[in-house]
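**Student:**
Numbering (the working numbering), first residue to last: 1 to 110.
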């Protein structure tokens, strides 16, 4: 539904600006979304921990350079538990997905 609305607004905007010839088909847009979906999910993973951080777990760049241990927030970990099966269902069976699964099952929740 979001993609369809985006496609409609894109078409309206391009037409209003006189660039209707650049409007892509819905099928082409779906292909683009599929081809970039995995990268998008990885981007979300990298940003999500910063957004869902517990206030007492905030670390500085200096902390990252030290050997200080830090932990992910519970909300972030729970969101990973939900998102990884979606990645698998969409056939994103790359080494990154396997690494995330290993991290969750053997390190974080152990």
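A virtual CB, placed ideally from N, CA and C, is assigned to each residue, including glycine.
Does the distance from the CB of residue 30 to the CB of residue 3 come in under 8 Å?
**Tutor:** Their beta carbons are under 8 Å apart, which means residue 30 touches residue 3 by this criterion.
**Student:** Answer yes or no: do residue 97 and residue 88 have a C-beta to C-beta separation smaller than 8 Å?
**Tutor:** For residue 97 and residue 88, yes; Cβs fall inside 8 Å.
**Student:** Taking just the CA atoms, how far does residue 79 sit from residue 99?
**Tutor:** Straight-line Cα distance between these residues: approximately 16 Å.
**Student:** With distance defined between alpha-carbon atoms, name the residue in 17, 8, 44, 101 nearest to residue 85.
**Tutor:** Nearest C-alpha to residue 85: 101.
**Student:** Helix, strand or coil for residue 10 per DSSP?
**Tutor:** Reduced to three states, the DSSP call for residue 10 is helix.
**Student:** Contact defined as beta carbons within less than 8 Å: I believe residue 21 pairs with residue 10. What is the distance between those atoms, to the nearest angstrom?
**Tutor:** About 13 Å separates the two Cβ atoms, so there is no contact after all.
**Student:** Can you give the Cα-Cα distance for residue 109 and residue 39, rounded to whole angstroms?
**Tutor:** The predicted model places residue 109 with a pLDDT of 49, which falls under 50 and marks its position as unreliable; any figure quoted below should be read in that light. If I take the Cα positions, the gap works out to 25 Å.
**Student:** DSSP state of residue 19, grouped into three classes?
**Tutor:** Looking at residue 19 - three-state DSSP - the assignment turns out to be coil, as it is neither helix nor strand.
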